[in-house]
Amino acid sequence: MRVLPKDVQMLRTCGTALCALSLIAACAADPVVTHEPEQQVQVRPADGEGQATEPRVGPSNGQPVETAPPNVPEFKPAFAEQTRAPAVHTQTPFKVTELAHDLDNPWGIAFLPGAGVFITEKIAGRLLLASLDGAKPVEVQGVPRVAGADQGGLLDVALSPDYATSQLVYLSYYEPREGGNGLAVVRARFVAGTPPKLERARVVFRMQPTLDSTKHAGGRLVFAPDGALFITLGERSILQGRVQARDLASDLGKIVRILPDGTIPKDNPFSARAGARPEIYSLGHRNVLGAALDAQNRLWVAEMGPRGGDELNLIQPGKDYGWPTIGYGEEYSGERIHQSTQAPGLEQPVYYWDPVISPGALTIYSADLFPEWKGNFFIAGLSSQALVRLVLKADRVVGEARLLTSRKERFRSVVQGPEGALYLLTDGSNAKLLRLTP
Ligand SMILES: [Ca+2]
40 MRVLPKDVQM LRTCGTALCA LSLIAACAAD PVVTHEPEQQ VQVRPADGEG
90 QATEPRVGPS NGQPVETAPP NVPEFKPAFA EQTRAPAVHT QTPFKVTELA
140 HDLDNPWGIA FLPGAGVFIT EKIAGRLLLA SLDGAKPVEV QGVPRVAGAD
190 QGGLLDVALS PDYATSQLVY LSYYEPREGG NGLAVVRARF VAGTPPKLER
240 ARVVFRMQPT LDSTKHAGGR LVFAPDGALF ITLGERSILQ GRVQARDLAS
290 DLGKIVRILP DGTIPKDNPF SARAGARPEI YSLGHRNVLG AALDAQNRLW
340 VAEMGPRGGD ELNLIQPGKD YGWPTIGYGE EYSGERIHQS TQAPGLEQPV
390 YYWDPVISPG ALTIYSADLF PEWKGNFFIA GLSSQALVRL VLKADRVVGE
440 ARLLTSRKER FRSVVQGPEG ALYLLTDGSN AKLLRLTP
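Per my numbering, the sequence shown starts with residue 40, numbered consecutively.
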């Protein structure tokens, strides 16, 4: 990473939001381009991740990309391809362009048709409208008040599939409530102008029950081609929430499926079951931050696990993904969580990481700009400080790569842009918007 000296000075001396926005604009007008060689380096998790074993990258072809010892060696994979896939290397040279920096804990990205991109700022609860051609990003008015702290705040942003005619935008966020908070999804109409704003905001989903936690609320939004909206929901980290992850009377630890107006599809798997919340689509999740549809419109998720237990799952309606009953990890204290990695009726992950990568967003590449990457899975790695690339064949992971490790940055988000480039957000209080192109 290179930061221009004048920008460093500006960062030190100038703290106002206005100045930060002009800085972003200045940076976007003169993007910093670096050519990224694939390097094999030691990757260090950020402070406080509590990993006993740090992820380590440095394989030769045919050997696993991960060379560090597992944190839970007594847990063995259920099948050969379930962890430590052989390393693959990207043959296509690519460059990294820094389009903006000084973003404050960004989380979600959504591209508008034509030009422009929405970026959420988690803690501050701001929705920014940024341009990719150097124009100054502006704050969109009309965003609901959020409980912004730690992992919570304003999270994902998604455009309605009929955005071209409806201008409807969906936001997920930690909603402040009596007795704590909970994830909510609001939809509103975007009105371009000075300033741009959201109007006619209406909450279409509220995760229940309310708990007091700043962690593990999920928050990823994925629209299916049939118009239904998937929302990923975490179990809040605290024990009171964790024990609800497989409970059909609770939204915690679930993926739910709703219609764009907030009503529940009649063909949801538990819609006719007494005592079950009808919005539930799948259960037994810890904290799903990455979700994407593949070419067959199947839902895949990258799930933040405990120490040694991050997972990639293929989601099917009504299935139970096992948290906290089964899994491959352990508590960050080193204590045991699971008696076993398998149980009848509980789904196995397609892949797991021990040590963990700490997955943020997941995107499945479908564009032509990088033919080599077509169909590959890309995961924004937080503690692993890598863009994780997975090659799948017949729903098994047959190759893994860790990209951008030399930058030593936590990656929060990755998304495919309209022209087929990959766009990334780094994490934290001085975060960047990056673009990967051939
Ligand atoms: Ca699981």
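Beta carbons are placed, not taken as given, at the ideal position from N, Cα and C, and that holds for glycine. Because the structure is a prediction, the values reported are computed rather than measured.
| Check | Outcome |
| --- | --- |
| Can you name the start and end residues of the alpha helix (DSSP H) that Tyr202 belongs to? | Tyr202 to Ser205 |
| Please check if any C-beta of chain B sits within less than 9 Å of the C-beta of Val430. | Of the protein chains in this structure there is only one, and it is not chain B. |
| Confirm the yes/no value for this check: CB of Tyr360, any heavy atom of ligand 1, distance under 8 Å. | yes |
| With 16 other CB atoms within 10 Å as the buried threshold, where does Phe157 fall? | buried |
| Helix, strand or coil: which one does DSSP assign to Leu421? | coil |
| Quick one: Cα of Glu318 to Cα of Leu260, how far? | 14 Å |
| Rounded to a whole number of angstroms, what is the C-alpha to C-alpha distance between Ser310 and Arg316? | 7 Å |
| May I have a chain-ordered list of the beta strand (DSSP E) segments no shorter than 3 residues that lie completely inside the segment 119-198? | 134-142, 145-150, 156-160, 165-169, 177-179 and 193-198 |
| I'd like to confirm something about Gly366: is its beta-carbon nearer than 8 Å to some heavy atom of ligand 1, or not? | yes |
| For the segment 309-389, list the beta strand (DSSP E) runs that are entirely contained and at least 3 residues long, ordered along the chain. | 319-321, 327-332, 338-342 and 349-354 |
| Need the endpoints of the alpha helix (DSSP H) that Arg281 sits in, please. | Leu278 to Arg281 |
| So the beta strand (DSSP E) Ile297 belongs to, where does it begin and stop? | Ile294 to Ile297 |
| How would you call Glu160, buried or exposed, if buried means at least 16 neighbouring beta carbons within 10 angstroms? | buried |
| So, at 7 Å on beta carbons, what are the nonlocal neighbours of Asp69 in its own chain, with the 5 sequence-adjacent residues on each side left out? | Caution is warranted here: a pLDDT of 47 is assigned to Asp69, below 50, making its placement in the model unreliable, and no coordinate value can be reported. |
| Give me the DSSP bridge partner(s) of Pro398. | Gly420 |
| Could you check if Ile294 is buried or exposed, using at least 16 other CB atoms within 10 Å of its CB as the buried criterion? | buried |
| Secondary structure at Ser468, three-state DSSP: helix, strand or coil? | coil |
| According to DSSP, Ser252 sits in a beta bridge with which residue or residues? | Per DSSP, none; premise fails for Ser252. |
| Within this structure, are the beta carbons of Ala124 and Gly181 separated by less than 9 Å? | no |
| Check whether the Cβ atoms of Leu426 and Leu443 sit closer than 9 Å, and answer yes or no. | yes |
| Please name the residue in Asn336, Ile396 and Leu464 whose C-alpha comes closest to that of Gly368. | Ile396 |
| Counting Cβ pairs closer than 8 Å, one from the segment 326-339 and one from the segment 269-278, do we hit at least three? | yes |
| Within the same chain, show all residues whose beta-carbon is closer than 8 Å to that of Ala284, passing over the 5 residues directly before and after it, in chain order. | Glu274, Leu291, Gly292, Lys293, Leu322, Gly323, His324, Arg325, Trp362 and Pro363 |
| By a C-beta neighbour count over all protein chains shown, 10 Å radius and 16 as the cutoff for buried, is Asp393 buried or exposed? | buried |
| Only counting the same chain, and skipping five residues up and downstream in sequence, which positions put a Cβ closer than 7 Å to that of Lys358? | Ser321 and Glu386 |
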